[in-house]
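Student: Each residue of the sequence shown is one higher than the last, beginning at 0 in numbering that gives the first Met the number 0.
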Amino acid sequence: MGPAHRSLSSLIHTLAAAIVLAVAFPGTAEAERIKDIAMVAGVRTNQLVGYGLVVGLDGTGDQTSQTPFTIQALKNALAQLGVLVPDNVNPQLRNVAAVTVQAELPPFAKPGQTIDVTVSSIGNAQSLRGGSLLLTPLRGADGEIYALSQGNLVVGGFGISGDDGSRVSLNVPSTGRVPNGATVERTVPSSLGTTDSLILNLHTPDFTTAYRLAESINASLGPAVAQTVDPISIRVRAPADPSQRVAYISHVENLEVEPAEAAARVIINSRTGTVVIGSHVRVTPAAVAHGSLVVRITETDFVSQPGPFSEGQTVVVEQSDIEVQEDGSSMFVFEPGNTLNDIVEAVNEVGAAPGDLVAILEALREAGALRAELIVI
Numbered sequence: 000m001g002p003a004h005r006s007l008s009s010l011i012h013t014l015a016a017a018i019v020l021a022v023a024f025p026g027t028a029e030a031e032r033i034k035d036i037a038m039v040a041g042v043r044t045n046q047l048v049g050y051g052l053v054v055g056l057d058g059t060g061d062q063t064s065q066t067p068f069t070i071q072a073l074k075n076a077l078a079q080l081g082v083l084v085p086d087n088v089n090p091q092l093r094n095v096a097a098v099t100v101q102a103e104l105p106p107f108a109k110p111g112q113t114i115d116v117t118v119s120s121i122g123n124a125q126s127l128r129g130g131s132l133l134l135t136p137l138r139g140a141d142g143e144i145y146a147l148s149q150g151n152l153v154v155g156g157f158g159i160s161g162d163d164g165s166r167v168s169l170n171v172p173s174t175g176r177v178p179n180g181a182t183v184e185r186t187v188p189s190s191l192g193t194t195d196s197l198i199l200n201l202h203t204p205d206f207t208t209a210y211r212l213a214e215s216i217n218a219s220l221g222p223a224v225a226q227t228v229d230p231i232s233i234r235v236r237a238p239a240d241p242s243q244r245v246a247y248i249s250h251v252e253n254l255e256v257e258p259a260e261a262a263a264r265v266i267i268n269s270r271t272g273t274v275v276i277g278s279h280v281r282v283t284p285a286a287v288a289h290g291s292l293v294v295r296i297t298e299t300d301f302v303s304q305p306g307p308f309s310e311g312q313t314v315v316v317e318q319s320d321i322e323v324q325e326d327g328s329s330m331f332v333f334e335p336g337n338t339l340n341d342i343v344e345a346v347n348e349v350g351a352a353p354g355d356l357v358a359i360l361e362a363l364r365e366a367g368a369l370r371a372e373l374i375v376i
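1) Have a look at residue 275 and residue 197 and give me their C-alpha separation to the nearest angstrom.
2) Could you please give the first and the last residue of the uninterrupted beta strand (DSSP E) stretch that includes residue 374?
3) Residues in the same chain with beta-carbon distance under 7 Å from residue 227, minus the five sequence neighbours each way, listed in chain order, please.
4) For residue 118 and residue 152, which I take to be in contact (beta-carbon distance under 8 Å), what is that distance rounded to the nearest angstrom?
5) Do residue 150 and residue 177 have their beta-carbon atoms positioned less than 9 Å apart in this structure?
6) Taking 9 Å as the cut-off, decide whether the C-beta atoms of residue 37 and residue 250 are in contact.
7) Relative to the C-alpha of residue 100, which residue among 112, 261, 87, 134 is closest?
8) Helix, strand or coil for residue 101? Go by DSSP, reduced to three states.
9) Leaving out the 5 sequence neighbours to the left and right, which residues in its chain are closer than 6 Å to residue 116 when beta-carbon positions are compared?
10) Have a look at residue 217 and residue 206 and give me their C-alpha separation to the nearest angstrom.
11) Could you say which of 40, 256, 359 lies nearest to residue 194 if we only look at CA atoms?
12) With residue 131 and residue 54 assumed to form a contact (beta carbons below 8 Å), what rounded beta-carbon distance in angstroms separates them?
13) Taking Cβ to Cβ, would you say residue 62 is nearer than 9 Å to residue 93?
14) Evaluate residue 273 with the Cβ neighbour count: other Cβ atoms within 10 Å of its Cβ, from every protein chain shown; 16 or more gives buried, anything less gives exposed.
15) Please report the distance separating the alpha-carbon of residue 266 from that of residue 282.
16) Please classify residue 234: does DSSP put it in a helix, a strand, or coil?
17) One question on the structure: do residue 97 and residue 124 come within less than 9 Å of each other, judged by their Cβ atoms?
18) Is it buried or exposed for residue 30, if we count other Cβ within 10 angstroms and need 16 for buried?
19) To the nearest angstrom, report how far apart residue 361 and residue 270 are at their CA atoms.
20) Measuring alpha carbon to alpha carbon, tell me which residue in 45, 257, 279 is nearest residue 32.
21) Beta-carbon separation of residue 126 and residue 69 under 9 Å?
22) Let me know the beta strand (DSSP E) ranges lying completely inside the segment 64-146, each 3 residues or longer, listed in chain order.
23) Who are the near neighbours of residue 34 in its chain, counting only those whose CB is closer than 8 Å to its CB and skipping five residues on each side?
24) Answer with buried or exposed for residue 114, where buried requires no fewer than 16 other C-beta atoms within 10 angstroms of its C-beta.
25) Looking only at its chain, what residues have a beta carbon closer than 7 Å to the beta carbon of residue 175, apart from the 5 residues adjacent to it on each side?
26) So what's residue 305 in DSSP terms, helix, strand or just coil?
27) Quick check on this structure: which residue in 238, 145, 83, 88 has the alpha carbon closest to the alpha carbon of residue 108?
28) Please report the residue range of the alpha helix (DSSP H) in which residue 217 lies.
29) Taking just the CA atoms, how far does residue 87 sit from residue 171?
30) Take the Cβ of residue 120 as the centre, count every other Cβ of all protein chains shown within 10 Å, and call the residue buried at 16 or more, exposed below.
31) Given a cut-off of 9 Å on the beta-carbon distance, is the pair residue 245 and residue 199 in contact?
32) Would you kindly check if the distance between the Cβ of residue 259 and the Cβ of residue 372 is under 9 Å?
33) For the beta strand (DSSP E) holding residue 176, just list the boundary residues, first then last.
34) Could you give the DSSP three-state label for residue 246: helix, strand or coil?
35) Comparing the CB of residue 277 with every heavy atom of the ligand NAP, is any distance shorter than 8 Å?
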């Protein structure tokens with residue numbers, strides 16, 4: 000008899016044994032460093048974006064007749080170099096492509112440091128392979144220029160086209176990167192050394208984890224050093240001397256905390272059919288009947304001929320055969336307080352597919368037997 004059909008007394012004995020093991024081996028959850036579960040407020044990256052031109056392509060650039068903004072950008076770039084192109088002249092260049100340039104500015108980046116940039120075509124360029132990015136300013140959300148980018152592209156894909164319109168491509172040839180292709184020109188102001196306290200923000204909000212994190216800091220640095228603000232933020236008193244804050248933060252972020260266990264959740268991906276069940280998911284007593292209905296439709300062509308010496312015509316007639324088959328349904332029982340392993344083994348015992356499992360879980364929730372939050376993404 001499978002685990003899903005165990006008697007209540009057997010389940011009680013199993014839970015009793017689990018309690019004995021928990022007492023004998025306390026603290027089974029592993030502690031993690033504070034730097035792995037939280038971040039210091041204000042220490043963050045900033046997104047930069049710019050508009051530029053990639054030149055030097057081997058006939059795989061924009062079709063300028065369909066991308067007038069490429070011609071406009073090229074004329075502006077040439078005008079800055081002292082070359083004036085008449086307004087009535089529209090050059091048909093296949094070795095130029097209009098692109099967007101994206102980069103992330105790391106926290107505390109100083110002028111003169113270099114960062115990587117990603118270059119993506121915004122026109123109809125077939126490939127950026129072999130191209131070079133012209134000098135492009137990168138701006139932040141405030142409109143200020145924080146970096147300047149330029150350099151040769153590294154493209155991981157390629158595309159080959161034939162005269163008959165056929166095309167073969169590998170990966171995405173219209174996107175490339177320029178390693179160390181941007182130089183930082185402006186520093187982003189930071190409030191790290193301007194206040195008398197630090198704020199630690201958890202990656203995942205949780206009341207228990209926030210409380211344990213504050214207690215861990217207080218146990219190491221003294222009482223009332225850290226105070227919880229909400230389930231995501233913990234305020235920590237900082238040294239008055241700014242030169243001591245780096246060592247202070249280094250000590251705090253290497254303290255260990257035992258995070259709280261996640262809440263009972265069932266996550267369903269409606270697009271892929273993936274189902275993830277958390278370890279704390281439980282079900283109350285419930286009986287589930289599982290079965291599937293299979294419908295097969297077969298199309299058969301046959302020839303219909305008229306009788307001898309008649310005026311009829313020979314025609315092809317389609318005949319549809321519909322077969323309905325219902326697989327033998329199975330019923331299984333969830334005992335009270337079943338664990339994750341019991342639920343999985345009970346469902347596998349009847350051979351439920353992911354789609355059927357979703358239907359079972361939704362039915363259990365509607366019946367009030369699923370002790371978990373059901374989330375569909």
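Beta carbons: idealized from backbone N, C-alpha and C, even for Gly.
Given the structure is predicted, the values throughout are model-derived calculations rather than measurements.
Tutor: Result, derived from the coordinates:
1) Between the alpha carbons of residue 275 and residue 197 lies a distance of about 36 Å.
2) Note, residue 374: beta strand (DSSP E), 372-375.
3) Excluding residues within five positions, the ones whose Cβ falls inside 7 Å are 209, 210, 213, 233.
4) Contact holds; Cβ gap of about 6 Å.
5) Yes, these two residues count as a Cβ contact at 9 Å.
6) Result no, Cβ atoms of residue 37 and residue 250 do not sit closer than 9 Å.
7) Of 112, 261, 87, 134, the residue nearest in Cα terms is 134.
8) Residue 101: strand per DSSP, three-state reduction.
9) 100, 102, 148, 177, 180, 181.
10) For residue 217 and residue 206, the distance between alpha carbons rounds to 17 Å.
11) Residue 40 holds the alpha-carbon nearest to the alpha-carbon of residue 194 among 40, 256, 359.
12) Going by Cβ atoms, the distance from residue 131 to residue 54 rounds to 6 Å, so yes, they are a contact pair.
13) Closer than 9 Å, so yes.
14) Residue 273 counts as exposed, since fewer than 16 other C-beta atoms from the protein chains shown sit within 10 angstroms of its C-beta.
15) If you take the alpha carbons of residue 266 and residue 282, they lie about 16 Å apart.
16) Correct three-state label for residue 234: strand.
17) With contacts defined by Cβ atoms closer than 9 Å, residue 97 and residue 124 form a contacting pair.
18) With a 10 Å radius around the Cβ and a threshold of 16 neighbouring Cβ atoms, residue 30 comes out exposed.
19) Rounded to the nearest angstrom, the two C-alpha atoms are 16 Å apart.
20) Comparing Cα positions, the closest option is 257.
21) With respect to the 9 Å criterion, residue 126 and residue 69 are not classified as neighbours on the basis of their beta carbons.
22) Complete beta strand (DSSP E) runs here, min 3: 95-104, 113-120, 131-138.
23) Around residue 34: 252, 253.
24) Around the Cβ of residue 114, a 10 Å sphere holds 16 or more other Cβ atoms; the residue is buried.
25) Within its own chain, the residues whose Cβ lies closer than 7 Å to the Cβ of residue 175, once the five positions on either side in sequence are excluded, are 118, 127, 152, 153, 154, listed in chain order.
26) When secondary structure is reduced to three states using DSSP, residue 305 falls in the coil class, being assigned neither helix nor strand.
27) When each option's Cα is compared against that of residue 108, the closest is 145.
28) Annotation: the continuous alpha helix (DSSP H) that includes residue 217 extends over 206-220.
29) Residue 171 and residue 87: Cα-Cα distance of roughly 35 Å.
30) Burial of residue 120 is indicated by the presence of at least 16 other C-beta atoms within 10 angstroms of its C-beta.
31) Contact flag unset, no.
32) Their beta carbons are not under 9 Å apart, which means residue 372 does not touch residue 259 by this criterion.
33) Per DSSP, residue 176 belongs to the beta strand (DSSP E) from 174-183.
34) It is helical.
35) No copy of the ligand NAP appears in this structure; indeed no ligand is present at all.
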